[in-house]
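If you read the protein sequences in the order shown, they are chains A and B.
Here my numbering is used: the first residue of the first sequence is 39, the next is one more, and so on.
Here my numbering is used: the first residue of the second sequence is 337, the next is one more, and so on.
Even for Gly, the Cβ is constructed at its ideal location relative to N, Cα and C.
Note sheet for the following structure.
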Amino acid sequence: MHRRTQGFVPLLGILVSLLLLLSLFLVFRGAGSGKKLSPGERPVLLPQEEVSGESSGPTDEETLTAAITARKASEKQIRPGTNDLSELFFDSNRAFMTELDKLPPEYYAPQSVDTTRNGLLLLEDIRKASDEAEKARQSSLRLLEREGAAR
Amino acid sequence: MRHPVKSQTQTLPAGAHARRGFVLFFVCVFALMMMVLLIGLNVHKSGEILQLSRSIEQERIVFLVQAGINEMLAGVKAGVNDRNTQIGREIAEFWKLNPAGGNKVIYEAEIPAARLPVANGLVRDYLGASAEISGRISITVIDKIAAPRPSYIGYLEIVGKAKSRDVPEIRLKERREIRIVDLSYPFVDKYALFVKSFCRQLSHPKKKIIVKGIAPDDPGIYSYVYLGNRSYPPCPEFPQGAKSAKTPPVLLDLFFRDDHHLLGSFYRPAPFQTVDPRFEQVSAGNFFFVIPPFDFKTIANSYSVSTDFHNTPELVNIYKSILKTSSNYAGTEGTLGYMIAKDYQKAGGNPGNSEVFRSMVYSLMQNWKYQYGYTDYASIAGDSGSSFVKEHPFSGIGEYFVEYSTRNPQRLVGGKMPVLFGEGRDIPVYVEGPVFLRFFKIAFLDQAKVKFELFGGETMDVTFPPVPLFYEEKPETFAGKTCSPQIDERTKVLMSAPIESLSVNNLFFGANVKKPKTPTSVSGGVEGYDVFPAFDPTLRSVAHLYKSVGDFVNERIKMIGGKKVLDLDGVSMILDPAGAPLDLSSVEKYRGKGRIILQRGNCIVGNLSPISLHADTLGIYLMFGNIVVKSSASVVSIYASLAASTNFRDNSSSSVSAESGIDCGGKSVNIYGNLFVDNLFDLRTLPDGGKLTIVHDPNLYFPAYPVRVSIGEARSLMAVDYDA
Chain A
39 MHRRTQGFVP LLGILVSLLL LLSLFLVFRG AGSGKKLSPG ERPVLLPQEE
89 VSGESSGPTD EETLTAAITA RKASEKQIRP GTNDLSELFF DSNRAFMTEL
139 DKLPPEYYAP QSVDTTRNGL LLLEDIRKAS DEAEKARQSS LRLLEREGAA
189 R
Chain B
337 MRHPVKSQTQ TLPAGAHARR GFVLFFVCVF ALMMMVLLIG LNVHKSGEIL
387 QLSRSIEQER IVFLVQAGIN EMLAGVKAGV NDRNTQIGRE IAEFWKLNPA
437 GGNKVIYEAE IPAARLPVAN GLVRDYLGAS AEISGRISIT VIDKIAAPRP
487 SYIGYLEIVG KAKSRDVPEI RLKERREIRI VDLSYPFVDK YALFVKSFCR
537 QLSHPKKKII VKGIAPDDPG IYSYVYLGNR SYPPCPEFPQ GAKSAKTPPV
587 LLDLFFRDDH HLLGSFYRPA PFQTVDPRFE QVSAGNFFFV IPPFDFKTIA
637 NSYSVSTDFH NTPELVNIYK SILKTSSNYA GTEGTLGYMI AKDYQKAGGN
687 PGNSEVFRSM VYSLMQNWKY QYGYTDYASI AGDSGSSFVK EHPFSGIGEY
737 FVEYSTRNPQ RLVGGKMPVL FGEGRDIPVY VEGPVFLRFF KIAFLDQAKV
787 KFELFGGETM DVTFPPVPLF YEEKPETFAG KTCSPQIDER TKVLMSAPIE
837 SLSVNNLFFG ANVKKPKTPT SVSGGVEGYD VFPAFDPTLR SVAHLYKSVG
887 DFVNERIKMI GGKKVLDLDG VSMILDPAGA PLDLSSVEKY RGKGRIILQR
937 GNCIVGNLSP ISLHADTLGI YLMFGNIVVK SSASVVSIYA SLAASTNFRD
987 NSSSSVSAES GIDCGGKSVN IYGNLFVDNL FDLRTLPDGG KLTIVHDPNL
1037 YFPAYPVRVS IGEARSLMAV DYDA
């Protein structure tokens, strides 16, 4: 009985090792084939999340047309002329109903006109510098051509 | 035969053996030296070859790491503008917090090899399974750019790492500029339409401006429209044009047949109740509000019979006809004619001093019925030359047009007001600028039959025709003088007159004490002409700067699916010194979020829409040029925010020829976004029957995420570490 067990253990060990090797091989092979991209396939983008939502599919022409044509006032909005306009028109003591404060302050603060002016001055400077650089390039090219012709 | 050879060998002399030993020794030494040389050479060469092969291996790995970096860069580019990705979400979170400037790492991620399938696929193909590529991505913000909505600049750093069995770890690092730019400008984005200069054809009867504001549930939020009066032509009424002491108005003519929904209960169309049914018929359909006949005697005490009536031509004419009729009897004492002639002489020819005239007026006042009604410009203008105001009782308003034909011809121009409140006239829009609604009051005194009591108990029944109450710039007759009590809450004077002092905002928002001249929503009283689209004067938020229109077209217009697509990526600025036009008329689609700023030159557009209505946005800002619409279609739809406005040394008095605006190119134009221009050029480029429709994009007014993250095309840094 003891002799029989002695012969079985190495055999079992060899079999287990072979199985282990086989499974490792299969695992690696499977993993390897999973990572390989077929030609034309889009690579997985980083980070690995669904790229949708904001860059969702194209908008069809009907939706685009509807955006322009189908606009209805909300039932909850102010209605025109619901009061007696004949009074409203001519009674200058009535309070004005706009609720401008509903918008955040940034909606009432325009950028200073000087900001645009300063930007324009910078653009003008860039344009002049660009023109000067172009002139310098042209003159150096002409110089090189002349030197080449002299040689 | 063998023996002789053997015997020969055996017979060699002793010196020969010594020579043979030397040769052997020499050969052995030579062989040994060669061996040493060969071994030396071998050792040396194998070192060099090893070095060379390692260098080649390293270079191959560097290339593969570069592939890994490119793969990471592609992923970053695809993800930074998508809030559904981790990187996009973290940038969005950073933007929402609106932090101050200064170095700050806002995103950092280790990228394992498994997430670089393309680069590692190449590694397997070229290097076997002995190496793998991983990496690291980080975004660092270094500064905040002050603007209406702040933007940020920083750098994207990508590190690619290659681990290999054969060579030490190799790292490749590159940096690119990154711009997190907020493309919105709340101040201007709240306007559906902003026009700086006076447009005298705003109420053109055949050319329509239609504005459809946003329509949220919140009654406190609505779109804005600004209609300025810059470049108002100087005239006797406004000698310095827009800079006159009095502010020239922008008048919008109510067209009650279409606009009646705006009037609510004020819309009560009816004909006048006249004695002569013919006038009743003529008035039918021409008035949206009339009052019932009003007894003049109620207000008779407001006027003096001797001073307030003698300048009324109709009354003087009646008096003169009485004089003429009675002149035949003027010489016969005791007759009515004699008495009238005597009275005339006594009055010195002035009807105001005439007893007969005063008696006539007094009698008329007891019998007159005052009537007025409201009509509009289109009804007065009539169709093909025929108008109800040619009928005598309704002709009082004609004096207004006569008066202003010399004082201010702009007031003569009119028609039908723009459709500012949507086609259903039910979307509130707050109108800024010196904008007033205009309609007309037409008043008259109806035909009256009077029994005159003359001297000596004589009586005479006379039927007096209706008296039109003429418009008077300065009160000269009873028609232009204030009456007491008022006829009603609207009427203090009797004459026909334009109603042109009411704010358009009254229609939705009730009466307003203010008559806004400047945009009322501006903090600090900035004039409308000094408002411009947002601009970063440092240009640091500009993602792409182009020296010519051609450069822009080559780089940003791409063929996708066989169609030209405008590929937007943040702020693109074109500095074309020649002012060449940017022709986008062949491009029908755009993708991404972007703003094109053209320093000089026109922008030609045709049908242009986003690939995704909610994700893609386009803004075009022309600093000196016009939006020119060009298309083979009869109706052109542009889904963009369009701005064309020139900044002059003095914006209050610009040269009209240098102003920027929109040229509709003879087409009806739909704009889904908003429109901001210096000038509409009197709608000359809109065809008769054409429409300029502006549908305010709610995503422009209240953008969920108006940010574009742009990554620089050029590397700002690149470094390789071969032994990391």
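- Buried or exposed: which applies to Glu-170 of chain A, given that a residue is buried once 16 or more other Cβ atoms fall within 10 Å of its Cβ? If you number the first sequence from 1, residue 170 of chain A lands on position 132. Per the 10 Å Cβ criterion, exposed.
- Query: When DSSP labels each residue in this structure, what does Gln-1087 of chain B get in the three-state scheme?
  - Reply: No statement about residue 1087 of chain B is possible, as the shown extent of chain B runs from 337 to 1060 and does not include it.
- Query: Helix, strand or coil: how does DSSP classify Val-151 of chain A here?
  - Reply: Counted from its first residue, the first sequence places residue 151 of chain A at position 113. Of the three classes helix, strand and coil, the one that applies to Val-151 of chain A here is helix, per DSSP.
- Residue of B:Thr-583, B:Phe-888 and B:Gly-496 minimising C-alpha distance to Glu-573 of chain B: Sequence index remark: in the second sequence, residue 573 of chain B carries index 237 (1-based). Checked all of B:Thr-583, B:Phe-888 and B:Gly-496; the closest Cα to Glu-573 of chain B is B:Thr-583.
- If we ignore side chains and look at the alpha-carbon of each, how far apart do Ser-973 of chain B and Gly-760 of chain B end up? Numbered from its first residue, the second sequence carries residue 973 of chain B at position 637. Numbered from its first residue, the second sequence carries residue 760 of chain B at position 424. Looking at the two C-alpha atoms, the distance is approximately 21 Å.
- Where does the unbroken alpha helix (DSSP H) through Val-524 of chain B begin, and where does it stop? Taking the first residue of the second sequence as position 1, residue 524 of chain B is located at position 188. Residues 522 to 525.
- Please list the segments of the alpha helix (DSSP H) lying wholly inside the stretch 519 to 578 of chain B, counting only runs of 4 or more residues, in order along the chain. Counting only runs that start and end inside the stretch 519 to 578 of chain B, the alpha helix (DSSP H) elements of at least 4 residues fall at 522 to 525.
- Query: Which one of B:Val-372, B:Ser-690 and B:Tyr-975 has the shortest CA to CA distance from Val-941 of chain B?
  - Reply: Here the question's residue 941 of chain B lines up with position 605 in the second sequence. Minimum Cα-Cα distance from Val-941 of chain B among the listed residues B:Val-372, B:Ser-690 and B:Tyr-975 corresponds to B:Tyr-975.
- Since Ser-945 of chain B sits in a beta bridge, which residues does DSSP pair it with? Sequence index remark: in the second sequence, residue 945 of chain B carries index 609 (1-based). B:Lys-925.
- Query: DSSP on Pro-96 of chain A, reduced to helix/strand/coil?
  - Reply: Sequence index remark: in the first sequence, residue 96 of chain A carries index 58 (1-based). DSSP places Pro-96 of chain A in coil when its eight states are reduced to three.
- Message: Cutting at 6 Å between CB atoms, please list the residues of its own chain near Gly-750 of chain B, excluding the five before and the five after it.
- Response: Taking the first residue of the second sequence as 1, we reach residue 750 of chain B at position 414. So the qualifying residues of the chain are Ser-539, Asp-589 and Tyr-713.
- Residues near Pro-802 of chain B in its chain [Cβ-Cβ closer than 6 Å; skip 5 each side]: Sequence index remark: in the second sequence, residue 802 of chain B carries index 466 (1-based). Hits under 6 Å: Pro-729, Phe-780, Asp-782 and Gln-783.
- Query: What's the C-alpha gap between Arg-985 of chain B and Leu-1016 of chain B?
  - Reply: The residue given as residue 985 of chain B occupies position 649 in the second sequence. The residue given as residue 1016 of chain B occupies position 680 in the second sequence. So the alpha carbons of these two residues sit roughly 21 Å apart.
- Query: Start and end of the beta strand (DSSP E) containing Glu-468 of chain B?
  - Reply: Here the question's residue 468 of chain B lines up with position 132 in the second sequence. Segment 467 to 481, the beta strand (DSSP E) holding Glu-468 of chain B.
- Are Asn-1010 of chain B and Ala-528 of chain B closer than 8 Å when you measure CB to CB? What you label residue 1010 of chain B is simply residue 674 of the second sequence in a count that begins at 1. What you label residue 528 of chain B is simply residue 192 of the second sequence in a count that begins at 1. Taking 8 Å as the Cβ cut-off, Asn-1010 of chain B and Ala-528 of chain B qualify as a contacting pair.
- Query: Which residues in the same chain have their Cβ closer than 6 Å to the Cβ of Ser-820 of chain B, if we skip the five residues on either side of it in sequence?
  - Reply: Start at 1 with the first residue of the second sequence, and residue 820 of chain B comes out as number 484. Cβ neighbours of Ser-820 of chain B beyond the five flanking positions: Ser-638.
- Is the CB of Gly-186 of chain A under 8 Å away from at least one CB in chain B? Position 148 of the first sequence, counted from the first residue, corresponds to residue 186 of chain A. So no, Gly-186 of chain A is outside the interface.
- Taking the alpha-carbon positions, what's the Ala-620 of chain B to Ser-720 of chain B distance? If you number the second sequence from 1, residue 620 of chain B lands on position 284. If you number the second sequence from 1, residue 720 of chain B lands on position 384. Cα to Cα, the separation comes out at about 18 Å.
- Does the Cβ-Cβ distance between Asp-644 of chain B and Thr-813 of chain B come in under 8 Å? Position 308 of the second sequence, counting from 1, holds the residue named residue 644 of chain B. Position 477 of the second sequence, counting from 1, holds the residue named residue 813 of chain B. For Asp-644 of chain B and Thr-813 of chain B, yes; Cβs fall inside 8 Å.
- Task: Measure from the alpha carbon of Gly-1061 of chain B to the alpha carbon of each residue in B:Lys-966, B:Arg-927, B:Ser-970 and B:Ala-969, then state which is nearest.
- Result: Chain B is shown only over 337 to 1060; residue 1061 of chain B falls outside these bounds and no answer can be derived.
- Task: Examine chain B for any beta-carbon lying closer than 8 Å to the beta-carbon of Gln-149 of chain A, and answer yes or no.
- Result: Here residue 149 of chain A refers to the residue found at position 111 of the first sequence. By this cut-off, Gln-149 of chain A is an interface position.
- Query: Does the distance from the C-beta atom of Gly-906 of chain B to that of Arg-515 of chain B stay below 8 Å?
  - Reply: The sequence position of residue 906 of chain B within the second sequence is 570, counting from 1. The sequence position of residue 515 of chain B within the second sequence is 179, counting from 1. For Gly-906 of chain B and Arg-515 of chain B, yes; Cβs fall inside 8 Å.
- Residue environment, Ala-187 of chain A, which counts as buried when at least 16 other CB atoms sit within 10 Å: Against the first sequence, residue 187 of chain A aligns to sequence position 149. Ala-187 of chain A is exposed by the Cβ-count criterion.
- Message: Given this structure, state the Cα-to-Cα distance separating Gly-861 of chain B from Ser-968 of chain B, to the nearest angstrom.
- Response: Position 525 of the second sequence, counted from the start, is the residue given in the question as residue 861 of chain B. Position 632 of the second sequence, counted from the start, is the residue given in the question as residue 968 of chain B. Roughly 44 Å separates the two Cα atoms.
- Message: For Ala-1060 of chain B and Ser-391 of chain B, I'd like the C-alpha separation in whole angstroms.
- Response: For this step, residue 1060 of chain B is matched to residue 724 along the second sequence. For this step, residue 391 of chain B is matched to residue 55 along the second sequence. Distance between the alpha carbons of Ala-1060 of chain B and Ser-391 of chain B is about 15 Å.
- Item | Inter-residue spacing [alpha-carbon to alpha-carbon] between Lys-610 of chain B and Gly-684 of chain B | As a working mapping, residue 610 of chain B is identified with position 274 in the second sequence. As a working mapping, residue 684 of chain B is identified with position 348 in the second sequence. Per the sequence shown, the amino acid found at residue 610 of chain B is Thr instead of Lys. Rounded to whole angstroms, Thr-610 of chain B to Gly-684 of chain B spans 36 Å at the Cα level.
- Message: Count Cβ pairs between the stretch 557 to 564 of chain B and the stretch 169 to 183 of chain A that sit closer than 8 Å; are there 3 or more?
- Response: With the cut-off at 8 Å, the stretch 557 to 564 of chain B and the stretch 169 to 183 of chain A do not touch.
- Looking at the structure shown, is Gly-997 of chain B part of a helix, part of a strand, or coil, going by DSSP? Looking up residue 997 of chain B in the second sequence gives position 661. Three-state DSSP puts Gly-997 of chain B in a strand.
- Message: On the criterion of 16 or more Cβ atoms from any shown chain inside 10 Å, does Arg-355 of chain B qualify as buried, or is it exposed?
- Response: One-based indexing of the second sequence puts residue 355 of chain B at position 19. By the neighbour-count rule (16 or more Cβ atoms within 10 Å), Arg-355 of chain B is not buried but exposed.
- Message: Distance cutoff 8 Å, beta carbons only. Does Thr-1029 of chain B sit that close to anything in chain A?
- Response: Here residue 1029 of chain B refers to the residue found at position 693 when the second sequence is read from its first residue. It does; some Cβ of chain A falls within 8 Å.
- Task: Return the chain-ordered list of same chain residues with a C-beta closer than 7 Å to the C-beta of Glu-691 of chain B, the five sequence neighbours on each side being excluded.
- Result: Against the second sequence, residue 691 of chain B aligns to sequence position 355. Here the set comprises Asp-679.
- Gly-1048 of chain B to Arg-189 of chain A span [Cα, whole Å]: Within the second sequence, the letter at position 712 stands for residue 1048 of chain B. Within the first sequence, the letter at position 151 stands for residue 189 of chain A. About 43 Å.
- Query: Using a Cβ cut-off of 7 Å, which residues of the stretch 513 to 542 of chain B contact any Cβ in chain A, in chain order?
  - Reply: Pro-522, Phe-523 and Lys-526
- Nearest candidate by alpha-carbon position, reference Glu-891 of chain B, set B:Ile-442, B:Trp-431, B:Gly-898 and B:His-880: Looking up residue 891 of chain B in the second sequence gives position 555. That would be B:His-880, whose Cα lies nearest to the Cα of Glu-891 of chain B.
- For Leu-452 of chain B, the residue or residues it bridges with in DSSP: The residue given as residue 452 of chain B occupies position 116 in the second sequence. Partner(s): none; Leu-452 of chain B has no beta bridge.
- Enumerate in chain order the residues of its own chain whose CB-to-CB distance from Ala-666 of chain B is below 7 Å, with the five nearest sequence positions on each side excluded. Counting from 1 along the second sequence, the entry for residue 666 of chain B is found at position 330. Excluding residues within five positions, the ones whose Cβ falls inside 7 Å are Gly-673, Tyr-674 and Ala-677.
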